[in-house]
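Following: one structure in structure tokens, then a few remarks.
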Amino acid sequence: MGHTHRVAIIGCGRVGATTAFALLHTGQVEELVLIDTDRARAEGEAMDLAHATALLAPARVWAGDYADAASAAIVIVAAGRASASRDESRLQLVGDNVRITRQIVGELAAVGFSGCLLMATNPVDVLAQIAASASPLPAARVIGSGTLLDTARLRQLLATACALDPRSVHAHILGEHGDSEIVAWSSAAIAGMPWAAFGAQAGVELAPEAILDSVRGAAPAIIERKGATNFAIGAALARLVSCILRDEHSVLMVSTRLAGEYGERDVYLSVPCVVGGGGVERIIELDLSPAEWAGLHRSAEILRDVARRVAA
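Going by numbering that gives the first Met the number 0, 136 is the number at position 137 of the sequence shown; the sequence numbering is gapless.
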């Protein structure tokens, strides 16, 4: 697989640069190569990040090309067009970003990249599926960031309402990283108790629909105010990278290809996945309620339909 702790980031916009900075804070990355069609931008980010290593863990950071990515353990794709406004859905980005994704995957295949490919560009589920279909890599090593960020937002909202540390909240968002995502409320727990029971005991009113609306509306609200989301997704990608480099076998909500799990096949969407050195090691099947099952299947069908149309 090449350099065990080399990571390449393709796309040095706000998400790519913030992810690079988050990775340096983990101390897990020994070599970090930045690749962008704007070479000067990549060089500037690499210089700035390299200076930060004097205050963080030692790491070599440079602007490179696809040949440098050939021996990386992980490549993160953060290149593509972002949402222009809060009214543009992630699925509306698909045309431009499919073309970019296919080009990147082709370049990586040409240099013999054999590590884990992490997709961060939206619509991430569809692009992960496009990348997997165009890449010689096993599907388990082509992973979308999926609802890892949405799940973090959910846990933060619940924790804030309950005046708790988010690490005491265990709740998951499945399906599309977007409007059709669902919360697995039937398995959600706070401080070891079912979420509704905890809320009743603590005297906190937790409204599921309002909470999900807040999660779904988080990215548009941020984009309206500052133009892009970058810090939380950067932290999410750094967490995912650490799980792979350290072979942690942690359960993360990431987008992966289903092969019969949850009654779905040949579609990328987010479900609980055991993530380790080989990428997605296995999929965890939650015991969903009938309404949650229906919502997940609806989300899968939406994603399958978009992937089918762009592949035609």
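Even glycine gets a Cβ: it sits at the ideal position worked out from N, Cα and C.
All values derive from a computational prediction rather than experimental measurement.
Please give the ranges of any beta strand (DSSP E) in the region 265-290, keeping only runs that are unbroken, at least 3 residues long and fully inside the region. Counting only runs of 3 or more, we get 278-282.
What residue from Glu263, Leu23 and Val253 has the CA that sits closest to Arg140's CA? The shortest C-alpha separation from Arg140 is found at Val253.
With a CB to CB cut of under 6 Å and the five nearest residues on each side skipped, what residues in its chain are close to Gln128? Closer than 6 Å at Cβ, skipping near neighbours: Tyr267 and Ala306.
Fully enclosed by the region 184-242, which alpha helix (DSSP H) runs are 4 residues long or longer? With a minimum length of 4 residues, the continuous alpha helix (DSSP H) runs that stay inside the region 184-242 are 194-201 and 207-225.
Limits of the unbroken beta strand (DSSP E) element including Thr255: First-last of the beta strand (DSSP E) with Thr255: Ser249 to Ala258.
Out of Ala237, Arg256 and Val125, which has the shortest C-alpha to C-alpha gap to Gly26? When each option's Cα is compared against that of Gly26, the closest is Ala237.
Is DSSP giving Gly294 helix, strand or coil here? In the structure shown, the three-state DSSP call for Gly294 is helix.
Note the first and the last residue of the continuous beta strand (DSSP E) segment covering Glu30. Unbroken beta strand (DSSP E) run through Glu30: Glu30 to Ile34.
Count the other CB atoms within 10 Å of the CB of His171; is the residue buried (16 or more) or exposed (fewer)? The residue is buried, with at least 16 neighbouring Cβ atoms inside 10 Å.
Helix, strand or coil for Gly105 per DSSP? Note: Gly105 maps to helix in three-state DSSP.
So if DSSP puts Leu116 in a beta bridge, which residue, or which two residues, is it bridged to? Answer is Val74 and Val141.
For Arg154, the first and last residue of its enclosing beta strand (DSSP E): Careful: Arg154 lies outside any beta strand (DSSP E), inside the alpha helix (DSSP H) at Leu147 to Cys161.
Thr146 burial status per 10 Å Cβ neighbour count (16 or more: buried): Flag for Thr146 reads buried.
In DSSP terms, what Leu173 is bridged to: DSSP lists Ile181 as partners of Leu173.
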